[in-house]
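Be aware that the sequence shown starts at 1, since it is given in UniProt numbering, and climbs by one per residue.
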Amino acid sequence: MWHGDQLDLDAYLARLGYAGRRTPTLGTLRALHRAHVLTVRWGNLDCLLHGDVPLDLGTVQDKLVRRGQGGYCFEHTVLYAAALERLGFTFTAVSGRPRMGADRIRPATHAMVLVTVEGRRWLSDIGFGTSPLDVIELVDGNEPAIEGRRFWLRHTEVTPGAEGWMLHQQDADGGWMARHTFTENPQYPADFALGNHFIATSSHSPFNRRPFLQRVRPDRTDQLDGLTWTTTAATGLAPEEERTVEPSELPELFAGPFGIDLSEEDARLLVDHVERGTHGAHGRRPAGPGRGRVR
């Protein structure tokens, strides 16, 4: 279903720097999850500049593995699911509704997987941007502390009349903020294609309006939102460092703190797009590969 047989598993694991066992155990799952979050960036450049985010595995692994570019949750999860399938894991893909503290019901535009291993179920959320560095056991009231970051998982009503799960994260004031909700309704590539189309093309999507980029490290997270670059300690409790950058600085910022080298064409398109302040104006995807590499 997830085309694991088409995945270049050796290349994917090399990209992650993973040299461990290739058996469907909890230890393997945890190591893969952590390596993916720390290695593969979250970003929306294709959505912003080209209005086109293919989810076929060939394109996704070329982009995230071979060229080392960033992608958003649907791309991350398509790649990760192919790897889990290839390694023999039992899992279900699911969709979530991002909350980030909001009370209103938002579209189910977040992708992740629930993995059953060694008789227990785990949430493996590798594509949120500021993703946890470990899997979270699917147990009501679970409150894991993961390398300085605290989370809280609850089984509760997530939409009127529907039970599901709500994942919270500790906020800067020490309270709890809802990150997203999800149900256990299985999702398939066709479902992700629908959500992906909305995110890439809808006038209600923020991701085709301004650049977003995130890089998670064990001790901190760097985030770019438009022209605002913030660095936050892993605990989320330390003061944030925040800086406003100029459009002309963006290619260097991508290459430096975020570790992504842009092609000359994408660098030019990005600067032009931000300088114009346009919303939803897309260029055309150039033919052929080679639109950037990772440092």
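Glycine included, C-beta positions come from ideal geometry on N, C-alpha and C.
For residue i, does the count of other Cβ atoms within 10 angstroms reach 16, so buried, or fall short, so exposed?
| i | result |
| --- | --- |
| residue 218 | exposed |
| residue 132 | buried |
| residue 136 | buried |
| residue 41 | buried |
| residue 294 | The predicted model places residue 294 with a pLDDT of 39, which falls under 50 and marks its position as unreliable, so this point remains unresolved. |
| residue 200 | buried |
| residue 124 | buried |
| residue 46 | buried |
| residue 252 | exposed |
| residue 105 | exposed |
| residue 211 | buried |
| residue 100 | exposed |
| residue 187 | buried |
Terminal residues of the continuous alpha helix (DSSP H) containing residue i?
| i | result |
| --- | --- |
| residue 59 | 57-61 |
| residue 74 | 73-87 |
| residue 262 | Note, residue 262: premise wrong, no alpha helix (DSSP H); beta strand (DSSP E) at 260-262. |
| residue 11 | 9-16 |
| residue 327 | Limits of the chain in this structure are 1 at one end and 295 at the other, which puts residue 327 out of reach. |
| residue 252 | 250-255 |
So, helix, strand or coil for residue i, using DSSP?
| i | result |
| --- | --- |
| residue 201 | helix |
| residue 206 | helix |
| residue 43 | strand |
| residue 19 | coil |
| residue 187 | strand |
| residue 53 | coil |
| residue 110 | strand |
| residue 1 | coil |
| residue 195 | helix |
| residue 233 | strand |
| residue 278 | Model confidence at residue 278 stands at a pLDDT of 43, short of 50, so the residue's coordinates are unreliable; what they give is reported in the following sentence. If DSSP states are grouped into helix, strand and coil, residue 278 belongs with coil. |
Rank the options by C-alpha distance to the C-alpha of residue i and give the top, closest one.
| i | options | result |
| --- | --- | --- |
| residue 4 | 206, 86, 270 and 13 | 86 |
| residue 302 | 183, 254 and 165 | With the chain covering only 1 through 295, there is no way to say anything about residue 302. |
| residue 196 | 77, 6, 28 and 36 | 77 |
| residue 228 | 163, 105, 247 and 55 | 247 |
| residue 169 | 193, 187, 141 and 184 | 141 |
| residue 166 | 232, 179 and 225 | 179 |
| residue 234 | 148, 242, 192 and 258 | 148 |
| residue 182 | 173, 188 and 154 | 154 |
| residue 203 | 17, 48 and 21 | 48 |
Ends of the beta strand (DSSP E) at residue i?
| i | result |
| --- | --- |
| residue 64 | Run containing residue 64: none; DSSP gives neither H nor E here. |
| residue 29 | Element bounds for residue 29: not the beta strand (DSSP E) but the alpha helix (DSSP H), 26-39. |
| residue 102 | Taken as a continuous stretch (DSSP letters only), residue 102 belongs to no beta strand (DSSP E), as it is neither H nor E. |
| residue 216 | 212-216 |
| residue 241 | 241-244 |
Please report whether the beta-carbon of residue i lies at a distance below 8 Å from any beta-carbon of chain D.
| i | result |
| --- | --- |
| residue 77 | Judged by its chain identifiers, the structure shown contains no chain D, having just a single protein chain. |
Exercise for the section: Write down every uninterrupted run of the beta strand (DSSP E) in the region 115-183 whose length is 3 residues or greater and which is fully enclosed by it, in chain order. Expected result: Within the region 115-183, the complete beta strand (DSSP E) runs of at least 3 residues are 120-124, 149-159, 162-170 and 176-182.
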